[in-house]
Amino acid sequence: MKQPHHRGFTIIELMVTIAIIAVVMFSAIPSMSTWLRNTQVRTAAESLQAGLQKARAEAVRRNTPVTFSLVSNNQPGVLDNGCNLSSLSASWVVSVSNNPSGGCGQPVSESVAPQILAKYARGDGAPNVTITVYQEDCATVSNQTQTRFNGFGRIDNAEPIRCLLVDHDSGLEVRKLRLVIGTGGSVRMCDPAVTNDTDPRKCY
């Protein structure tokens, strides 16, 4: 009886398969790059939102003013005592002290100055984001670096951060996100590119 003939891949078939896989992979690279940029922007925006909400919650819990500060960091992912207030940085510190400058490297502590309650260093999951601070209208650029909340959870300082835009430094396609801090202390994240009035992501 004639044995069945088992035929494997030929060199030509293998090369064609590799070529198809390569084309598919290269076509996916642009969308993957966009996804990575969007992920970095969202990571930074969510971190900033969490920091602001933490400051507000701690102020209410303690019934004492707590400050959210944007600060510089010299090394990606690390906050040290060389930090200064900076309206261009995505790094932040929540502290009982009004100004954590020069003390960002201190551990989270309620007793050690500047009494840091929480902190985040730019570069920790979002190394290439940019931050722009705006006035309440979210159109006029501002150099404000802090928002202080009182024991009622309301904004307590005269010139607070009221609006933040999170972008990517690549200059390529990316979904920017905006954070808006209301006078009452609420913190809302929205998408400035959304125009549909029924979309909850729309900025107002």
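Numbering (full-length UniProt numbering), first residue to last: 1 to 204. Even for Gly, the Cβ is constructed at its ideal location relative to N, Cα and C. All of these numbers come straight from a predicted model, not from anything done at the bench.
#### Entry: Whole-angstrom distance between Thr-140 and Tyr-204, CA atom to CA atom
Within the sequence shown, residue 204 is the residue found at index 204, counting from 1. Within the sequence shown, residue 140 is the residue found at index 140, counting from 1. The straight-line gap from Cα to Cα measures roughly 15 Å.
### Task
Specify whether the segment 145-154 and the segment 58-76 touch according to this definition: at least 3 beta carbon pairs, one from each stretch, less than 8 Å apart.
yes
### Message
Quick check on DSSP: helix, strand or coil for Gln-115?
### Response
Here residue 115 is taken as the residue at index 115 of the sequence shown, counted from 1. Reduced to three states, the DSSP call for Gln-115 is coil.
### Query
Any idea what DSSP makes of Gln-75, helix, strand or coil?
The residue labelled residue 75 in the question sits at position 75 within the sequence shown. If DSSP states are grouped into helix, strand and coil, Gln-75 belongs with the strands.
### Query
Does the beta-carbon of Asp-199 have 16 or more other beta-carbons within 10 angstroms, so that it is buried, or is it exposed?
Walking along the sequence shown from the start, residue 199 turns up at place 199. Under this definition Asp-199 is an exposed residue.
### For Ile-181 and Arg-162, believed in contact at Cβ under 8 Å, the rounded distance
The residue labelled residue 162 in the question sits at position 162 within the sequence shown. The residue labelled residue 181 in the question sits at position 181 within the sequence shown. Yes, Arg-162 and Ile-181 are in contact; Cβ-Cβ is about 5 Å, under 8 Å.
### Query
At which residue ranges does the segment 11-71 contain complete beta strand (DSSP E) runs of 3 or more residues, listed in the order of the chain?
66-71
### Query
Going by alpha carbons, who is nearest to Phe-149 out of Cys-83, Ala-19, Arg-188 and Val-96?
The residue given as residue 149 occupies position 149 in the sequence shown. The candidate whose alpha carbon is nearest that of Phe-149 is Val-96.
### Task
Kindly confirm or deny that the segment 122-132 and the segment 101-113 touch, where touching means at least three C-beta pairs closer than 8 Å.
no
### Task
Determine the direct distance from the alpha carbon of Leu-172 to that of Gly-77, and round the result to whole angstroms.
The residue labelled residue 77 in the question sits at position 77 within the sequence shown. The residue labelled residue 172 in the question sits at position 172 within the sequence shown. Answer to the nearest angstrom: the Cα atoms are 23 Å apart.
### Residues bridged to Phe-152 (per DSSP)
For the purposes of this step, residue 152 is identified with residue 152 of the sequence shown, where counting begins at 1. Per DSSP, none; premise fails for Phe-152.
### Query
Does the distance from the C-beta atom of Cys-138 to that of Arg-175 stay below 8 Å?
Looking up residue 138 in the sequence shown gives position 138. Looking up residue 175 in the sequence shown gives position 175. Their beta carbons are not under 8 Å apart, which means Cys-138 does not touch Arg-175 by this criterion.
#### Entry: Rounded straight-line distance, which links the Cα of Ser-111 to that of Leu-164
Residue 164 sits at position 164 when you count from the first residue of the sequence shown. Residue 111 sits at position 111 when you count from the first residue of the sequence shown. Each residue's Cα considered, the two are about 30 Å apart.
### Query
How about Ser-87 and Val-71: are their beta carbons less than 8 Å apart?
Along the sequence shown, read from residue 1 onward, the residue named residue 87 stands at position 87. Along the sequence shown, read from residue 1 onward, the residue named residue 71 stands at position 71. No, the pair does not count as a contact, with Cβ atoms beyond the cut-off.
### Query
Name the DSSP bridge partner or partners of Ile-131?
Along the sequence shown, one-based indexing puts residue 131 at 131. Val-166.
### Proximal residues to Leu-14 (C-beta, below 7 Å), its chain only, five neighbours per side dropped
Against the sequence shown, residue 14 aligns to sequence position 14. The answer is none, since no qualifying residue turns up.
### Query
Would you call Ala-28 buried or exposed, if buried means 16 or more other Cβ atoms sit within 10 Å of its Cβ?
Stepping through the sequence shown from its first residue, residue 28 is reached at position 28. Note that Ala-28 has pLDDT 49, beneath the 50 cutoff, so the model's placement of it is unreliable and the number below is only indicative. Ala-28 is exposed by the Cβ-count criterion.
#### Entry: Status (buried if at least 16 other CB within 10 Å, exposed otherwise) for Pro-56
By 1-based counting over the sequence shown, the position of residue 56 is 56. Sequence inspection shows Arg at residue 56; the Pro mentioned does not correspond to that position. Answer is buried; the Cβ neighbour count reaches 16.
### Message
As a quick exercise: from Ile-12, Ser-101, Val-41 and Val-16, pick the residue whose alpha carbon is nearest that of Arg-122.
### Response
Translated into positions along the sequence shown, residue 122 becomes position 122. Here the closest residue by C-alpha is Val-41.
### Query
How many Å lie between Thr-132 and Ser-31 at the Cα?
In the sequence shown, counting from the first residue as 1, residue 132 sits at position 132. In the sequence shown, counting from the first residue as 1, residue 31 sits at position 31. Going by the C-alpha atoms only, they are around 26 Å apart.
#### Entry: Within 8 Å, strictly: CB atoms of Leu-85 and Phe-68
As a position in the sequence shown, residue 85 is number 85, starting the count at 1. As a position in the sequence shown, residue 68 is number 68, starting the count at 1. Not closer than 8 Å, so no.
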